[in-house]
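Below is one structure; the comments refer to it alone.
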């Protein structure tokens, strides 16, 4: 800005201290004289509305990009984090909704991550100061590696210091570094840090990360040293205790026991539990771990407190999860389970309650009980139920069904309607409350619920292609000589292929010799009517009912495909798949029953609200 412009800005900001500088420059550029007065007048004429800036310090671009990454991670938990980062980095000035639309458009081609929703700290954006300090630090810790090698590993690890530090030890040094070491030239020693020697790298985030790593290594070294010192002292005073399982000698701190006092080492307990969980399976669902002593037959068990102290966290979690699953299976409760972990909830539905009411109440009391609660809706419900029952009875009576079969069929339809109401009120998504899982499952297809979820999307796509192929095969003809497929649009039923092969479109017979003699030669007053002589030959101008052929082919394809897929929900939904050209609707004898069932569903839904 020019000196005069800076003066104008200071004068206006003295009156409006929170005005946006970019907006202020834009306003000043429209005037040549009396800048301050005219800008202030414009703002006052606009009811004192103008763009403002927050009093808080502006967030850095790294923080803004990480905020965008968090939002996109919530919206697209199944998309790989690296793909989300690239979308943000390649479009830094685009609005977030535009980036989200591009992700939706390319969702099928974007890579997916194995654990949806998980975003580790190392996967976030890093500032340039952090990246520079991390490169300097890694070059000090790995002096034998060339700069491009370190840069490549850091790029693979999203420039995270800790992830890069884990990968760099497996990288082979460059040949000139090995040559210098071989001839004895000057060689830098790797820098080793400790709690007492932790110089600043110039980046606070990196200093915190290095400090946490150093502390973890220090704790692990102290633990190993304490164990060695303890064993040395026990060996010195010959105070080791013999394990009654493997007969080895161990310090008291590495022993455990059963409730009868038999002692055995923690290593034997860990091996025994691993074998029982992952190999033999005899401990899956077990409530207790029995004594391991081989000296005497002991029916005692190991205290849960000692089990918690001896077992590693992952094995302990597996043991208790198996026990919890066994208890749930034995409970006999109607459960809804997470498909990805052992979490389960008791299924709360209206089906049991309404079924109990319908079965336990006498027939003459049920209308009375409903009339006392919602009289107007109950009258509608009873009217719809009566029509529904009458149509069902008439339909089954025409089939000469027994009275018991009539009642069971009617009862099943009513219970199915109640179940649909309960399912719709429950919702379509089951949210796992396990802190280590937190994934969502679709109730219908029992698969993970992700953004843009479609039940049986892959199966429906395969079924659609299968139906289209079956419908195309049903109406097309294929030349046996050259394998060209074709469909007749109009004309007679004698078809001649470009290769010279002639066939009948009706019976697909080779008519190169017969020609038109293959078709009926009798006179017909109207095209398409049957031959009055009953000769049995094909009609030269017969037109097939293509709509019925396509419908039959579609039904056969659905039956064949769904017979290979045992999921009942998919078998029900497969009838709704649209494929091929539109065909004429064929009358369904159950249309009246379906309409009444839909009305019954709506009435029950209103009553249960």
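In full-length UniProt numbering, the protein residues as written are 1 to 609.
Glycine included, each C-beta is placed from N, C-alpha and C at the ideal position.
Cβ contact annotation for residue 80 (same chain, cutoff 8 Å, sequence separation greater than five): 110, 111, 112 and 113, in chain order.
The continuous alpha helix (DSSP H) containing residue 331 extends over residues 313–331. Under the 8 Å Cβ criterion, the segment 94–111 counts as touching the segment 65–73, having at least three qualifying pairs. A Cβ-Cβ distance of about 22 Å is found for the pair residue 297 and residue 266, leaving them out of contact under the 8 Å criterion. DSSP places residue 559 within a helical segment (H, G or I) once states are collapsed to three. The beta carbons of residue 492 and residue 518 sit no closer together than 9 Å. When the alpha-carbon of residue 87 is set against those of 261, 102, 435 and 331, the nearest one is in 102. In the DSSP assignment, residue 255 falls within the beta strand (DSSP E) that extends over 255–257.
Comparing alpha-carbon positions, the option among 472, 239, 200 and 116 lying closest to residue 550 turns out to be 472. Between the segment 273–290 and the segment 234–251, the count of Cβ pairs shorter than 8 Å is below three; the stretches do not touch. Between the alpha carbons of residue 240 and residue 231 lies a gap of roughly 8 Å. Counted as a single uninterrupted DSSP element, the alpha helix (DSSP H) harbouring residue 128 occupies residues 128–141. Minimum Cα-Cα distance from residue 52 among the listed residues 17, 524, 134 and 455 corresponds to 17. In chain order, 129, 130 and 133 place their CB closer than 6 Å to the CB of residue 203, counting only its own chain and leaving out the 5 sequence neighbours on each side. Residue environment: residue 529 is assigned as exposed (fewer than 16 neighbouring CB atoms within 10 Å of its CB, all protein chains considered). Cβ neighbours of residue 149 within its own chain (closer than 6 Å, five residues either side excluded): 171. The continuous beta strand (DSSP E) containing residue 504 extends over residues 502–504.
Taking residue 61 as the centre and dropping the five residues before and after it, the same chain places the C-beta of 92 closer than 8 Å to its C-beta, in chain order. With a cut-off of 8 Å on Cβ pairs, the segment 219–228 is not in contact with the segment 257–276, counting fewer than three such pairs.
With a cutoff of 9 Å on beta-carbon distance, residue 19 and residue 36 are scored as not near each other.
Counting other Cβ atoms within 10 Å of its Cβ, residue 507 stays below 16 and is therefore classed as exposed. For the pair residue 441 and residue 340, the CB atoms are nearer than the 9 Å cut-off. Residue 159 places its beta carbon less than 9 Å from that of residue 126. With a contact defined as Cβ atoms closer than 8 Å, residue 343 and residue 258 miss out at about 32 Å. For residue 441, the enclosing beta strand (DSSP E) covers residues 440–442. Here DSSP, grouped into helix, strand and coil, assigns residue 5 to helix. Going by C-alpha positions, residue 291 is about 40 Å away from residue 212.
Taken through DSSP and simplified to helix, strand or coil, residue 293 comes out as coil. In the three-state scheme derived from DSSP, where H, G and I count as helix and E and B as strand, residue 98 is classed as helix. Taking C-beta separations shorter than 7 Å and ignoring five residues to either side along the sequence, the partners of residue 450 in its chain run 77, 78 and 116, following chain order.
Scanning 523, 488 and 143 for the CA closest to the CA of residue 534 turns up 523.
Counting only residues of its own chain and dropping the five nearest sequence neighbours on each side, residue 276 has a CB closer than 6 Å to the CB of 282 and 283.
DSSP lists 241 as the bridge partner or partners of residue 250. Short of 8 Å from the beta carbon of residue 429, and not among the five residues preceding or following it, lie these beta carbons of its own chain, in chain order: 440, 441, 442, 443 and 449.
The DSSP-derived three-state label of residue 510 is strand. Judged by DSSP secondary structure, residue 41 falls within the alpha helix (DSSP H) whose first and last residues are 35–45.
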